[in-house]
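Peer 1: A single structure is presented below for examination.
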Amino acid sequence: MDQDGPEPDDGPDSEVNELTINPHPDRPGGVIKGRFDNAVLFATIATLIDAKSKPAGSDDQRSSKQRQAEALADVCGYVLDHGDVPRSGGHRPHLNVHIPLAELETRVRTAILDFGGHITTKDLRQLACNAAVIPIVMNSDSQPLDIGRLSRVIPDGMRRAVAARDRGCARCGRPASWCDIHHIIEWQNGGTTEINNLVMLCRMHHREIHATEWIVRMVDGFPEFIPPRYVDPDQVPRRRPHHRLTAQLRP
């Protein structure tokens, strides 16, 4: 009897804005998938990822997909360090790594993350460079017996001193707020926490040092970087130009 059918719906189509985060059940890492029908939300994310995923110089051999993935992780790490993040359990959420005593006694080969799964040695070494450590003594039944005080591997004053020397990432110049401090001789291998054994690196170049054959060393009090042969057969050292501070006297 209703020949015209239902009245047309002039309202906007329903939007789908969703993100799923699924860790791999049997290996490290996971899969992140998203869909954003809202153009503003999508443009906000895309603009930030595009800005942070540009190649970091002529030696950057990462694919565009790898640069975008690492840019997303770097942005999230920056927000954890500096952003207005809701508290979780009474403190700002951060990445927690659990290392059994047996691993510490054997120079640390693996560790467990809060969200499950083990991380690789290179990733663990990168985190250990600039971490805060809370020792917890457990008994044989995995019950805590004693909890020590939180202490940072790199004290704040030492970080400021390295930042004053390197002026951000010693490789690419990214601002210090986006950077970690790296032990040139790793602290778990006896490297000391002193300015001549520390260098400031953005997270991308910090990953590069731990995961590839790039080498960092100190020459005349400043860091320089030796590329692997597949990047430069002559392995010519790279060094950012440093602008020395000079005092200007006024009459």
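Numbering of the sequence shown is given in the numbering used here, commencing with residue 849 and proceeding in unit increments. Note that the Cβ used here is the ideal one computed from N, Cα and C, for glycine as well. Owing to the predicted nature of the structure, the values given are computational and were not obtained by experimental measurement.
Exposed or buried, what is Asp924 when buried is set at 16 or more other beta-carbons lying within 10 Å of its beta-carbon?
Peer 2: Residue 924 sits at position 76 when you count from the first residue of the sequence shown. Residue identity differs from the one stated: residue 924 is Cys in this sequence, not Asp. So Cys924 counts as exposed.
Peer 1: Just to confirm, are Ile1032 and Arg1065 a CB contact at a threshold of 8 Å?
Peer 2: One-based indexing of the sequence shown puts residue 1032 at position 184. One-based indexing of the sequence shown puts residue 1065 at position 217. Yes, they are a contact pair.
Peer 1: The beta strand (DSSP E) spanning Met1072 covers which residue range?
Peer 2: Walking along the sequence shown from the start, residue 1072 turns up at place 224. In the sequence as presented, Met is not what sits at residue 1072; that position holds Glu. That run of the beta strand (DSSP E) goes 1070-1074.
Peer 1: Exposed or buried, Asn978, counting other C-beta atoms within 10 Å across all chains shown (16 or more means buried)?
Peer 2: On the sequence shown, residue 978 is found 130 positions in, with the first residue counted as 1. Buried, by the Cβ-count rule.
Peer 1: State the start and end residues of the unbroken alpha helix (DSSP H) segment that holds Arg1051.
Peer 2: Sequence index remark: in the sequence shown, residue 1051 carries index 203 (1-based). Looking at the DSSP string, the run of the alpha helix (DSSP H) that includes Arg1051 is 1051-1059.
Peer 1: Give me the Cα-Cα distance between Asn886 and Pro876, rounded to the nearest whole angstrom.
Peer 2: Taking the first residue of the sequence shown as 1, we reach residue 886 at position 38. Taking the first residue of the sequence shown as 1, we reach residue 876 at position 28. Distance between the alpha carbons of Asn886 and Pro876: 32 Å.
Peer 1: In terms of residue numbering, what span does the alpha helix (DSSP H) encompassing Cys924 cover?
Peer 2: One-based indexing of the sequence shown puts residue 924 at position 76. Unbroken alpha helix (DSSP H) run through Cys924: 912-930.
Peer 1: Can you say whether Leu928 is buried or exposed, counting buried as having 16 or more other CB atoms within 10 angstroms of its CB?
Peer 2: The residue labelled residue 928 in the question sits at position 80 within the sequence shown. The residue in question, Leu928, is exposed, as its Cβ has fewer than 16 Cβ neighbours within 10 Å.
Peer 1: Could you tell me the boundaries of the beta strand (DSSP E) in which Arg883 lies?
Peer 2: For this step, residue 883 is matched to residue 35 along the sequence shown. Unbroken beta strand (DSSP E) run through Arg883: 878-884.
Peer 1: Within the same chain, show all residues whose beta-carbon is closer than 8 Å to that of Gly1021, passing over the 5 residues directly before and after it, in chain order.
Peer 2: Counting from one through the sequence shown, the residue named residue 1021 turns up at place 173. The answer, listed in chain order, is Arg1015, Arg1088.
Peer 1: Counting only the same chain and skipping the five closest in sequence on each side, list residues whose C-beta sits under 6 Å from that of Ala919.
Peer 2: Along the sequence shown, read from residue 1 onward, the residue named residue 919 stands at position 71. Once the five neighbours on either side are set aside, the close Cβ partners of Ala919 are Ile897, Lys900, Ser901.
Peer 1: Do you know whose CA, among Leu975, Ala894, Asn944, Arg1077, lies nearest Glu1034's CA?
Peer 2: By 1-based counting over the sequence shown, the position of residue 1034 is 186. The residue with the shortest Cα to Cα distance from Glu1034 is Leu975.
Peer 1: Out of Ala1012, Ile1043, Arg883, Tyr1078, point me to the one whose CA is closest to Asn865's CA.
Peer 2: Here residue 865 is taken as the residue at index 17 of the sequence shown, counted from 1. Out of Ala1012, Ile1043, Arg883, Tyr1078, Arg883 has the C-alpha closest to the C-alpha of Asn865.
Peer 1: Whole angstroms is fine: what's the gap from Leu972's alpha carbon to Ile880's?
Peer 2: Within the sequence shown, the letter at position 124 stands for residue 972. Within the sequence shown, the letter at position 32 stands for residue 880. Whole-angstrom Cα-Cα distance: 22 Å.
Peer 1: Assuming contact is defined by CB atoms lying nearer than 8 Å, are Cys1027 and Met1052 in contact in what I supplied?
Peer 2: Position 179 of the sequence shown, counted from the first residue, corresponds to residue 1027. Position 204 of the sequence shown, counted from the first residue, corresponds to residue 1052. Going by C-beta atoms, Cys1027 is not nearer than 8 Å to Met1052.
Peer 1: Do you know how far the Cα of His946 is from the Cα of Pro871?
Peer 2: One-based indexing of the sequence shown puts residue 871 at position 23. One-based indexing of the sequence shown puts residue 946 at position 98. Distance between the alpha carbons of Pro871 and His946 is about 18 Å.
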